[in-house]
Amino acid sequence: MMDYRVIDHQHIFASETYFRQCHASTVCLLPDGTLGAAWFGGEQEKAPDVAIWFSKRQDGRWSVPEKIADRENVPCWNPVLFADGERLLLFYKVGNEIPTWQTMTKESLDCGCTWSAERELVPGDFGGRGPVKNKCIRLQDGAILAPASTEGGGWECFTDRTEDGGRTWKRSENVPIDRAALTGTGVIQPTLWQDRAGDVHMLMRSSEGCIFRSDSADGGRSWGQAVRTALPNNNCGIDLAQLADGRLVLVYNPVSGNWAARSPIVFAVSEDNGETWSEPQYLDHVPCDRNVESAEFSYPAIIAEGKDVYITYTWKRRTIAFWHLRF
Numbered sequence: 456m457m458d459y460r461v462i463d464h465q466h467i468f469a470s471e472t473y474f475r476q477c478h479a480s481t482v483c484l485l486p487d488g489t490l491g492a493a494w495f496g497g498e499q500e501k502a503p504d505v506a507i508w509f510s511k512r513q514d515g516r517w518s519v520p521e522k523i524a525d526r527e528n529v530p531c532w533n534p535v536l537f538a539d540g541e542r543l544l545l546f547y548k549v550g551n552e553i554p555t556w557q558t559m560t561k562e563s564l565d566c567g568c569t570w571s572a573e574r575e576l577v578p579g580d581f582g583g584r585g586p587v588k589n590k591c592i593r594l595q596d597g598a599i600l601a602p603a604s605t606e607g608g609g610w611e612c613f614t615d616r617t618e619d620g621g622r623t624w625k626r627s628e629n630v631p632i633d634r635a636a637l638t639g640t641g642v643i644q645p646t647l648w649q650d651r652a653g654d655v656h657m658l659m660r661s662s663e664g665c666i667f668r669s670d671s672a673d674g675g676r677s678w679g680q681a682v683r684t685a686l687p688n689n690n691c692g693i694d695l696a697q698l699a700d701g702r703l704v705l706v707y708n709p710v711s712g713n714w715a716a717r718s719p720i721v722f723a724v725s726e727d728n729g730e731t732w733s734e735p736q737y738l739d740h741v742p743c744d745r746n747v748e749s750a751e752f753s754y755p756a757i758i759a760e761g762k763d764v765y766i767t768y769t770w771k772r773r774t775i776a777f778w779h780l781r782f
């Protein structure tokens, strides 16, 4: 029996106050104990004015969003926040086309009030290194592992590992997948966790109507064959977080299909390391039979601190929804 209560539920800002559309949020517990969130916003996804925006939550209120990364006439995409001690790291993509975008990074030493100049995460890379949508995790050995993917000829997942705080990164091989058994482009945008035994696992968005899974016994340096799970997927982003007691909380759209409806958005809990999941609990829902903006609740981000989880996601492309749940 899942036992939880809602501590807070709000929108981070009023719809269409600062830009017409927004998407792809990230949420992070900042070094000062407050929450931070970032997303991309502008006229519409892929438009040249799309930039990265940031807000902090203090005393139950979100601050006025501020633009923290921009590139003239080139869209920015998919921010990811990660706190490393007193450093707050921001990763994001820059480029007109996804297959050739670059990963940029910035650093803040004052919890997002000011930021360093941007730099390429991996100099000379086009296609995407570091986190592509979901948060990095810190492994038991101290390394930071980033969930990564590329969208060239066929979609591929991998991980990037850093052992020096993000200065240098080592890429794993792509997650093996039986391409002959695929009907679509493949898998992207993994989300990661490490179990108490030290093994690392990922769940992946796919074009195949279900979430895929892969496992690593060597800290994300290599990955086992990607396999289908019983969890539905609409070819849209997912994310999960691990509670202090080891339970997993997954946020996703329980819809099977390729580019299918992005409503409802739900969460489910696993008590057996992702093998089975509870009945989904609804967060937002507008009945629909296809993907339309007026019923889009998508691209969730989730983090856990003890028994508390914090969730953000796209709300109709107009604002970012926020939930605080306590298990």
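For the sequence shown, the working numbering gives the first residue as 456, with consecutive numbering after it.
A virtual CB, placed ideally from N, CA and C, is assigned to each residue, including glycine.
Computed from a predicted structure; not experimentally measured.
Asked: If you reduce the DSSP assignment to three classes, tell me which class residue 554 lands in.; Found: helix
Asked: Taking residue 620 as the reference, give the member of 685, 598, 782 and 458 with the closest Cα.; Found: 598
Asked: Mapping DSSP to helix, strand and coil, what is residue 571?; Found: coil
Asked: Do residue 557 and residue 537 count as a contact pair if the criterion is CB distance below 9 Å?; Found: no
Asked: For residue 585 versus residue 633, is the C-beta distance shorter than 9 Å?; Found: no
Asked: From this set, 603, 771, 625 and 507, which residue's C-alpha is nearest residue 529's C-alpha?; Found: 507
Asked: CB residue 674 to CB residue 594, shorter than 9 Å?; Found: yes
Asked: Just how far apart, CA to CA, sit residue 730 and residue 668?; Found: 10 Å
Asked: What are the residues that DSSP puts in a beta bridge with residue 722?; Found: 706 and 736
Asked: I'd like to confirm the pairing. Which residues does DSSP put opposite residue 730 in its beta bridges?; Found: Beta-bridge pairing links residue 730 to no other residue.
Asked: In whole angstroms, give me the CA-to-CA distance for residue 698 and residue 645.; Found: 19 Å
Asked: Within this structure, are the beta carbons of residue 604 and residue 655 separated by less than 9 Å?; Found: no
Asked: Check whether the Cβ atoms of residue 728 and residue 717 sit closer than 9 Å, and answer yes or no.; Found: no
Asked: Do you know how far the Cα of residue 571 is from the Cα of residue 772?; Found: 29 Å
Asked: If distances are taken between C-alpha atoms only, which option among 630, 640, 625 and 564 comes closest to residue 608?; Found: 640
Asked: Would you report the Cα separation of residue 484 and residue 679, rounded to the nearest angstrom?; Found: 31 Å
Asked: On the CB-based measure, 16 or more other CB atoms within 10 Å of its CB, does residue 514 come out buried or exposed?; Found: exposed
Asked: Along the chain, where does the beta strand (DSSP E) that runs through residue 511 open and close?; Found: 506–513
Asked: Can you tell me the Cβ-Cβ gap for residue 511 and residue 488, rounded? I've got them flagged as a contact below 8 Å.; Found: That belief does not hold up - the Cβ atoms of residue 511 and residue 488 are roughly 11 Å apart, past 8 Å.
Asked: Tell me where the beta strand (DSSP E) around residue 600 begins and ends.; Found: 599–606
Asked: Select from 739, 540, 466 and 676 the residue whose C-alpha is nearest the C-alpha of residue 564.; Found: 540
Asked: Is residue 779 near residue 463, with beta carbons less than 9 Å apart?; Found: yes
Asked: Just the Cα atoms here: how many angstroms apart are residue 710 and residue 681?; Found: 20 Å
Asked: By alpha-carbon positions, which one of 479, 766, 715 and 760 ends up nearest to residue 750?; Found: 715
Asked: So residue 774 and residue 467 are supposed to be a Cβ contact under 8 Å. How far apart are they, rounded?; Found: 6 Å
Asked: Suppose you measure from the CA of residue 631 to the CA of residue 660; what does that come to, to the nearest Å?; Found: 15 Å
Asked: Between the C-alpha atoms of residue 535 and residue 560, what's the straight-line distance to the nearest angstrom?; Found: 9 Å
Asked: Going by Cα to Cα distance, which pick from 471, 601 and 494 is closest to residue 401?; Found: Residue 401 is absent from the model: the chain starts at 456 and stops at 782.
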